[in-house]
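Chemist: For the protein sequence lines, the chains are A, B, C and D, in the order given. Per the numbering used here, the very first residue in the first sequence carries number 783; after that it's consecutive. Per the numbering used here, the very first residue in the second sequence carries number 783; after that it's consecutive. Per the numbering used here, the very first residue in the third sequence carries number 783; after that it's consecutive. Per the numbering used here, the very first residue in the fourth sequence carries number 783; after that it's consecutive. Beta carbons are placed, not taken as given, at the ideal position from N, Cα and C, and that holds for glycine. Here it is: the structure, laid out below.
There are 4 protein chains.
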Amino acid sequence: VDVQGASDTRLIAINRAGIKGIRHPVTIADKGSGIQHTVATFNMYVNLPHHLKGVHMSRFVEVLNGYDRAISAEGFESLLRIMITRLEAESGGIEMSFPYFMTKAAPVSRIKSLLDYEVSFVGRIENGSYQFTMKAVVPVTSLCPCSKQVSDYGAHNQRSHMSVSVRTSGLVWIAELIRMAEDQASCELYGLLKRSDEKHVTEKAYDNPKFVEDVVRDTAAVLNRDARIEAYVVESENFESIHNHSAYAMIERDKLES
Amino acid sequence: VDVQGASDTRLIAINRAGIKGIRHPVTIADKGSGIQHTVATFNMYVNLPHHLKGVHMSRFVEVLNGYDRAISAEGFESLLRIMITRLEAESGGIEMSFPYFMTKAAPVSRIKSLLDYEVSFVGRIENGSYQFTMKAVVPVTSLCPCSKQVSDYGAHNQRSHMSVSVRTSGLVWIAELIRMAEDQASCELYGLLKRSDEKHVTEKAYDNPKFVEDVVRDTAAVLNRDARIEAYVVESENFESIHNHSAYAMIERDKLES
Amino acid sequence: VDVQGASDTRLIAINRAGIKGIRHPVTIADKGSGIQHTVATFNMYVNLPHHLKGVHMSRFVEVLNGYDRAISAEGFESLLRIMITRLEAESGGIEMSFPYFMTKAAPVSRIKSLLDYEVSFVGRIENGSYQFTMKAVVPVTSLCPCSKQVSDYGAHNQRSHMSVSVRTSGLVWIAELIRMAEDQASCELYGLLKRSDEKHVTEKAYDNPKFVEDVVRDTAAVLNRDARIEAYVVESENFESIHNHSAYAMIERDKLES
Amino acid sequence: VDVQGASDTRLIAINRAGIKGIRHPVTIADKGSGIQHTVATFNMYVNLPHHLKGVHMSRFVEVLNGYDRAISAEGFESLLRIMITRLEAESGGIEMSFPYFMTKAAPVSRIKSLLDYEVSFVGRIENGSYQFTMKAVVPVTSLCPCSKQVSDYGAHNQRSHMSVSVRTSGLVWIAELIRMAEDQASCELYGLLKRSDEKHVTEKAYDNPKFVEDVVRDTAAVLNRDARIEAYVVESENFESIHNHSAYAMIERDKLES
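This is the structure in structure tokens:
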């Protein structure tokens, strides 16, 4: 008996049916950094026409356990096509989130250490066409221009999360996307800083004050100039050091529409 | 010196600028249950035209601290209009999430207890028109039809989170929205069950097996018939008792578009 | 049939059996601020002697739904005694966590706003004796002395979470405990600050740099001098604005032991 | 100038000073499964005598970035000793948490898939002696004996988190600890189950009902018999499918004390 394969008479199609929150070890390939081992959390789904009762949920897990290649922004489509074929579906999507590590050299001492970023790949196939979105959450320092201006000395600053989500036509590497965001902050972060480095990042942030609005505008300006990027959402959430809430700003744009 | 009021020359408008994650005690008014005290988390933002450098973030907090009336689905617009006026903006939005409590009688013993639901009000004003969305996350029991059918006895079941988000024209109460979801589950939850009640809910769930796909379809059917509801997203996430991941389904529909 | 009341032959007593993560609306009474409505999350448990098979879990929920008085640090024992009597147990405990709000006046403009703190009450009865622990997580600003010293201008600062947990003999109010922590930070936080206030807190933090180690030491010194406090754990976690990890320090002391 | 190395006159020693919440890719070695790549979150700290002002926080990160060997329960001490030497401390600790994956064969079809567990290694050196604690959070199925007994058919069941934390003298592998917990549940979980497997796990759980109290008692009985285990804490949290809260039980024992 195939319970899931039975027919359904409610005449209501389902946009997404699948599995959510499954963790799986993966290898990620990105420009210049070779292969990186990490652990990803997946959401996987297909559409379900109105006449079918249910999807075979176990097949999503089979696809995941059967895929043994490195995953890259470039190759993400292949995983998605395997899933849609295996589920006998017409459209569907995969969302994959994972911590990604970059090796950075401290600005003065040049000592190397890792910094972690939360990265997501989202692929969708609808009406036959493939769409890929990549997102990175980039932790940075923001320093408040108002606080600097009104104070005789000092300025409040804090850790902020910049989020950049881009729908791309040409290939954009993870490392490139992170760099686009980091360069627009008051200062970027490092895992390891010696005293000379700490002096550098403190003074750099003070020399480079930015409102949460400035951070997203400056990032949008970079994304506007990049022809590979069709659409984007850029956000910044500043975990204010003088309040118990965040300052927040967001810009979204679809270049194909406007 | 008004740093935030300065002019900006990057020619990039900001979709949302404001504050995020601020907690505030509120009173909620809903049908039949009078006034309820709870604690809400707010996101508040306005749009920022391209020629303005920044918003005055402290004004959002002033609006929140100055508002002393009970908040209802019906009256949410008034809080939003106060904010937009105070920020001298043209458009903006408020997202408010809070635990909401319902008193329920156990199905057999009729003993009363509270059950908590996570509810969100989202109001937006864009191009002069107001739009209101209400969302409830409703915890329920789901029991797997496939497991019941293939097994000689028993059936795996689990807690699930149904999420129903509705954009409304007419007034829909919180309690109504929760009921629309709860009635489509294998069984609803209770805070307090005596032995006779436990027998009832166990047998009811077994008599009423539903796939995650069934749960969202049956809820969509109810929402389709309700003329007050212009658009909806209905989701269910089943925290499978036999796996370490969730089964998930989602249907979204905008009646004005299709 | 009383399944839970059956005898058990494994000869293993259970330290804690009960319920976890139940949300309930409560009213909190504290010095000077009258009655405050909030939402608490409860863990409730009793010990289970080796010869009893299980506890009657529904009775915990009955106790919670039946308690209609305001809860204070002083009166917390009464809720615990009701629970232990209802469960026919000899020992047990209640852990209650809730957001607590204080009205604060901004340092220069004196504009009032709320600030939220996560507070916990933990009561235990073991071998007939009652023990009460209160904990507050107090968000503050910390400013790094090293960064200030090595830099020609500026200093990195960030939001930090100070946690103070105290076992008391005499009565200590929530507001007192929060004050003990806040006064040891580089600067305290406010919900609402006007420009003159922002200048004040920026300069105050810069004038008052503290390592994470200084913050916990200065708080320990205050707690050491207070005769009502029998034992404490003081922690600080600084969400460093120049790294993607926290600096952390902790001091614990039981005055009755040392 | 060495700010952190300056003397301190408050005469208050600090139990723990260090870093918290730093993510780092690691390789884990365990019995039979070779080397496994995963991502760990670390807390690292040392004690600080009363006469020293602060620790050199950057050295913790140096230790992490400089360690390139696989980490095992057996070899965890070496990482800790390197840290204590580098920090010029006498005592300290490392807490490392990571998702760990096991390959499991489905009970009937024997199809293989991965299941993830959250594992922690905690090492401490105090007064010269090393102590190692390993913890695993093991997701399982629990089925309620009371619900089964009072109902004419069916029984409520749900996902539960068993947590087993053991202080060991002899070597215990991760895979062994997970097995000790899984075997005491109503049924263990799998990533991938075909229809014949689903029948098996449904019926197995129904044949094997257990209260939350039974689960921790049966695990305690296993841990009591194992001479390598000096002390333990065993917990189970059942995410009840008929309530919106958890059932919970805990047993702790130090064999050297009782």
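Would you give the residue range spanned by the alpha helix (DSSP H) that Val890(C) belongs to?
Modeler: Unbroken run through Val890(C): none, as it is neither H nor E.
Chemist: Distance, Cα to Cα, Asp1036(B) vs Ala1013(B)?
Modeler: C-alpha separation (whole angstroms): 4 Å.
Chemist: Give the interface partners of Ile804(C) over in chain D, defined as CB-CB distance under 9 Å, in chain order.
Modeler: Near Ile804(C) (Cβ distances below 9 Å), the residues of chain D are His1025, Asn1026, His1027 and Ser1028.
Chemist: With DSSP as the reference, identify every bridge partner of Phe914(B), one or two as the case may be.
Modeler: For Phe914(B), which the question treats as bridged, DSSP gives the partners Gly905(B).
Chemist: Can you name the start and end residues of the beta strand (DSSP E) that Glu747(C) belongs to?
Modeler: The structure shown does not extend to residue 747(C), since chain C is modelled only from 783 through 1040, so no value can be given for it.
Chemist: Tell me the DSSP secondary structure of Ile1024(C) in three-state form.
Modeler: Here Ile1024(C) sits in coil by DSSP.
Chemist: Give the single residue among Glu870(B), Ile853(B), Gly814(B) and Tyr935(B) whose Cα lies nearest to the Cα of Glu985(B).
Modeler: Per the Cα distances, Tyr935(B).
Chemist: Using a 10 Å radius around the Cβ and a threshold of 16 neighbouring Cβ atoms, would you call Thr885(A) buried or exposed?
Modeler: So Thr885(A) ends up on the exposed side.
Chemist: At a Cβ threshold of 8 Å, is Leu830(B) touching chain A?
Modeler: Closer than 8 Å: yes.
Chemist: Spatial neighbours of Met916(D) within its chain, please: CB distance less than 8 Å, with the 5 preceding and 5 following residues excluded, ordered by chain position.
Modeler: Answer for Met916(D): Ala855, Val901, Ser902, Phe903, Val904, Ser947, Val948, Thr950, Val954, Ile956 and Leu959, listed in chain order.
Chemist: Alpha carbons only, please: which of Asp850(A), Pro881(A) and Asp979(A) is nearest the one belonging to Glu892(A)?
Modeler: First, the amino acid is wrong: residue 892(A) is Arg here, not Glu. Ranking the options by Cα distance to Arg892(A), first place goes to Asp979(A).
Chemist: Against Asn797(C), what residues of chain D qualify as contacts under a CB-to-CB distance less than 7 Å, listed in chain order?
Modeler: Here the neighbours are Met1032, Ile1033 and Glu1034.
Chemist: On the three-state DSSP scale, how would you describe Tyr935(D)?
Modeler: DSSP places Tyr935(D) in coil when its eight states are reduced to three.
Chemist: When you compare only the Cα positions, how much space is there between Leu1038(A) and Ser933(D)?
Modeler: Going by the C-alpha atoms only, they are around 60 Å apart.
Chemist: Considering just the uninterrupted stretch of the alpha helix (DSSP H) at Leu793(C), what are its terminal residues?
Modeler: It is not in any alpha helix (DSSP H) - Leu793(C) carries neither H nor E in the DSSP assignment.
Chemist: Please state whether the Cβ-Cβ distance between Val994(D) and Leu1005(D) is less than 8 Å.
Modeler: It is not a contact, given that the beta carbons lie outside the stated cut-off.
Chemist: Examine chain G for any beta-carbon lying closer than 8 Å to the beta-carbon of Arg941(B), and answer yes or no.
Modeler: Annotation note: the requested chain G is absent from the structure, which comprises protein chains A, B, C and D.
Chemist: Would you verify that the beta carbon of His982(B) is, or is not, closer than 8 Å to some beta carbon of chain C?
Modeler: Closer than 8 Å: no.
Chemist: Within the chosen definition, does the region 966-977 of chain C reach the region 866-876 of chain C through at least 3 CB pairs nearer than 8 Å?
Modeler: No: fewer than three Cβ pairs fall under 8 Å.
Chemist: In angstroms with no decimal places, state the Cα-to-Cα distance between Asp996(D) and Ser1018(D).
Modeler: If I take the Cα positions, the gap works out to 10 Å.
Chemist: Cα separation between Ala1002(B) and Met962(B)?
Modeler: About 10 Å.
Chemist: What residues from chain A crowd round Met839(B), counting only those whose CB sits closer than 8 Å?
Modeler: In chain order: Ala1029.
Chemist: When Cβ atoms are compared, which residues of the region 902-930 of chain A fall closer than 7 Å to chain C?
Modeler: Cβ contacts with chain C come from Pro921, Thr923, Cys928 and Ser929.
Chemist: Does the region 794-807 of chain A come within contact of the region 818-832 of chain A, defined as at least 3 CB pairs closer than 8 Å?
Modeler: Touching, per the Cβ criterion.
Chemist: Starting from Leu830(D), follow the beta strand (DSSP E) in both directions and report where the run begins and ends.
Modeler: Unbroken beta strand (DSSP E) run through Leu830(D): Gly816 to Leu830.
Chemist: Assuming the contact rule is C-beta atoms closer than 8 Å, Arg868(B) and Arg851(B) should be a hit. Round their C-beta distance to whole Å, please.
Modeler: No, Arg868(B) and Arg851(B) are not in contact; Cβ-Cβ is about 16 Å, not under 8 Å.
Chemist: Apply the 10 Å Cβ neighbour rule to Thr791(A) and answer buried if 16 or more other Cβ atoms are within range, or exposed otherwise.
Modeler: Answer is exposed; the Cβ neighbour count stays below 16.
Chemist: Taking Cβ to Cβ, would you say Ala888(B) is nearer than 8 Å to Lys976(B)?
Modeler: For Ala888(B) and Lys976(B), yes; Cβs fall inside 8 Å.
Chemist: Can Ser945(D) be considered in contact with the ligand NAD, in the sense that its beta carbon sits closer than 7 Å to one or more heavy atoms?
Modeler: Among the ligands in the structure shown, none appear at all, so the ligand NAD cannot be discussed.
Chemist: If you compare alpha carbons, which of His982(B), Asn939(B) and Gln913(B) is closest to Ile1011(B)?
Modeler: Looking at the Cα atoms, Gln913(B) is the closest of the given residues.
Chemist: Would you report the Cα separation of Leu861(B) and Val919(B), rounded to the nearest angstrom?
Modeler: Roughly 23 Å separates the two Cα atoms.
Chemist: In this structure, does DSSP put Glu859(A) in helix, strand or coil?
Modeler: Helix at Glu859(A).
Chemist: My output table needs one value for Glu995(A): the three-state DSSP class, helix, strand or coil.
Modeler: In the structure shown, Glu995(A) sits in a helix (DSSP, three-state: H, G or I).
Chemist: Measuring straight from C-alpha to C-alpha, what distance separates Gly814(D) and Cys926(D)?
Modeler: Approximately 35 Å between the Cα atoms of the pair.
Chemist: On the three-state DSSP scale, how would you describe Val954(D)?
Modeler: It is coil, neither helix nor strand.
Chemist: Throw me the rounded Cβ distance for the Tyr899(D) and Gln818(D) pair, which I believe falls under 8 Å.
Modeler: Actually they do not touch by this definition, with Cβ atoms about 12 Å apart.
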